[in-house]
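Visitor:
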Amino acid sequence: MLKSMKRLLLLTSFLLIAIGLSGCGVRYVNRQGSQEDPDTWATVSKQKKIVVGLDDSFVPMGFQTKSGKIVGYDVDLAKAVFKQYGIKVDFQPIDWSMNVTELRNGTIALIWNGFSINPQRAKKITFSEPYLINDQVLVTKKNQHIKNFADMKGKVAGVQSGSAGAMDIDNQPKLLKDRIKGHEPILYDTFTDAFIDLNANRIQGLLIDSIYAGYYLEHQKNESSFTSIPSEFPKEQYGVGMRKGDTVLKQKIDAGLNRLAKNGELHKINMKWFGTDRDSPLMKNVQK
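Just so you know, we're using this note's numbering here: the sequence shown kicks off at 62 and counts up by one.
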């Protein structure tokens, strides 16, 4: 009887473990289980599927329509790259402030959503070749009469948590942080939330990617009530983020991006979302 009870308990334990694992989804690890040195390409090429993490409110790079469909520049670009390899892309909305954590935990394989390449991030993850150039701008309401960053003295500024702009504010405090009220910006989960507060005058300035600002304001009925002020923060390059050690995946993405630039598909995607080839390093390389 005792032996039977032990066997039953052992079987129950195995079943509980199996059920727990089945609910965890795909985790991108190598055969030794290391997530710092993964073999993601071997996994996705076998499963014919890859999971991309994104902020699904970041227009026009990746965002949800009213019907719930995820669309955008980066969505089209990721699909076009992996179509070359017969791999389906699943887009997973994530908390943007936790993007690197989500990646390193293995819940997503890539961060592909207007993701700026910078030294802080490069210490933790690997980047693809840059495919788009961006910069930070300060968006304000015209009725605030803010003409430059010096006019933000004593005023409230907002920025998205975990964004390149938030890092810029901390890295170069003299440009904005030392001027604003409390010497700390208000942190938002999404730029959508930040624009709500900007419209309500709860903040007087919003530091934001120029690509987002340009697209968002262009689609607002009250576009003329805003002004966009260039910043002195350095220009940025967007790249695809992946875990350290994912060298094969990086090679496949870089090769795929360059093929799209050469065969004209990247030009089509640029024209669809921007009406121009914009600041595309890949296109510039082809045109040389």
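Don't be surprised by glycine CBs; every beta carbon is placed ideally from N, CA and C. No experiment lies behind these values; they were computed from the predicted model shown.
How about Leu278 and Ser292: do their beta carbons lie closer than 8 Å?
Guide: Here the question's residue 278 lines up with position 217 in the sequence shown. Here the question's residue 292 lines up with position 231 in the sequence shown. No, the pair does not count as a contact, with Cβ atoms beyond the cut-off.
Visitor: Under three-state DSSP, which class holds Met122?
Guide: Working through the sequence shown from its first residue, we reach residue 122 at position 61. The answer is coil: DSSP assigns Met122 none of H, G, I, E or B.
Visitor: Report the rounded CA-to-CA distance for Gly306 versus Ile169, giving the unit in angstroms.
Guide: For this step, residue 306 is matched to residue 245 along the sequence shown. For this step, residue 169 is matched to residue 108 along the sequence shown. Rounded to the nearest angstrom, the two C-alpha atoms are 15 Å apart.
Visitor: Considering only the beta carbon of each residue, do Asp151 and Ser271 sit closer than 8 Å?
Guide: Your numbering for residue 151 matches position 90 in the sequence shown. Your numbering for residue 271 matches position 210 in the sequence shown. No; because the gap between Cβ atoms is not below 8 Å, this pair is not in contact.
Visitor: Here's a check: name, in chain order, each residue in its chain whose Cβ is nearer than 8 Å to the Cβ of Arg92, leaving out the five neighbours to either side.
Guide: Counting from 1 along the sequence shown, the entry for residue 92 is found at position 31. With a pLDDT of 37 at Arg92, under the threshold of 50, the modelled position of this residue cannot be trusted; read the value that follows with caution. Excluding positions up to five away in sequence, the list reads Asp100.
Visitor: What residue range is occupied by the uninterrupted beta strand (DSSP E) comprising Arg304?
Guide: As a first step, residue 304 is located in the sequence shown; it is residue number 243 there, counting from the start. Start and end: Gly302 to Arg304.
Visitor: For a minimum of 3 consecutive residues, which ranges assigned as the beta strand (DSSP E) are wholly contained in the stretch 121–188?
Guide: Listed in chain order, they are 123–125, 149–154 and 186–188.
Visitor: Would Met303 and Leu327 qualify as a contact pair, given that the criterion is a beta-carbon distance under 8 Å?
Guide: For the purposes of this step, residue 303 is identified with residue 242 of the sequence shown, where counting begins at 1. For the purposes of this step, residue 327 is identified with residue 266 of the sequence shown, where counting begins at 1. Cβ distance not < 8 Å, so Met303 and Leu327 don't count as in contact.
Visitor: For Lys149, which residues of its own chain have a beta-carbon under 8 Å away from its beta-carbon, when the five flanking residues on both sides are left out?
Guide: Position 88 of the sequence shown holds residue 149. Excluding residues within five positions, the ones whose Cβ falls inside 8 Å are Lys109, Lys110, Ile111 and Phe143.
Visitor: If you compare alpha carbons, which of Tyr134, Val198, Glu245 and Val113 is closest to Gly275?
Guide: In the sequence shown, the residue the question calls residue 275 occupies position 214. It is Val198 whose Cα lies nearest to the Cα of Gly275.
Visitor: Compute the distance between the beta-carbons of Tyr249 and Ser286, then report whether it is under 8 Å.
Guide: One-based indexing of the sequence shown puts residue 249 at position 188. One-based indexing of the sequence shown puts residue 286 at position 225. Contact: no.
Visitor: Quick check on Ser341: buried or exposed, where buried means 16 or more other Cβ atoms within 10 Å of its Cβ?
Guide: Here residue 341 is taken as the residue at index 280 of the sequence shown, counted from 1. Ser341 is buried by the Cβ-count criterion.
Visitor: Just tell me which of Lys282, Ile314 and Asn346 has its CA closest to the CA of Lys60.
Guide: The structure shown does not extend to residue 60, since the chain is modelled only from 62 to 349, so the question has no answer here.
Visitor: Measure the alpha-carbon distance for Asn232 versus Asn209 and round it to whole angstroms.
Guide: Position 171 of the sequence shown, counted from the first residue, corresponds to residue 232. Position 148 of the sequence shown, counted from the first residue, corresponds to residue 209. One C-alpha to the other measures close to 19 Å.
Visitor: Give the C-beta separation of Pro121 and Gly133 to the nearest angstrom, bearing in mind that I take them to be a contact with Cβ-Cβ under 8 Å.
Guide: Translated into positions along the sequence shown, residue 121 becomes position 60. Translated into positions along the sequence shown, residue 133 becomes position 72. About 5 Å; that satisfies the 8 Å criterion.
Visitor: Using the Cβ count rule (16 or more neighbours within 10 Å means buried), how would you classify Asn262?
Guide: As a first step, residue 262 must be located in the sequence shown, where it is residue number 201. So Asn262 ends up on the exposed side.
Visitor: With distances taken Cα to Cα, identify the nearest neighbour of Asp239 among Met213, Gln281, Gly226 and Phe294.
Guide: Residue mapping note: residue 239 aligns to position 178 of the sequence shown, counting from 1. Ranking the options by Cα distance to Asp239, first place goes to Met213.
Visitor: Would DSSP call Asp116 helix, strand or coil?
Guide: For the purposes of this step, residue 116 is taken as the residue at position 55 of the sequence shown. Coil, per DSSP.
Visitor: Pick helix, strand or coil for Phe294, following the three-state DSSP scheme.
Guide: Taking the first residue of the sequence shown as position 1, residue 294 is located at position 233. The answer is coil: DSSP assigns Phe294 none of H, G, I, E or B.
Visitor: According to DSSP, Ile257 sits in a beta bridge with which residue or residues?
Guide: Here residue 257 refers to the residue found at position 196 of the sequence shown. Its beta-bridge partners do not exist; DSSP assigns none.
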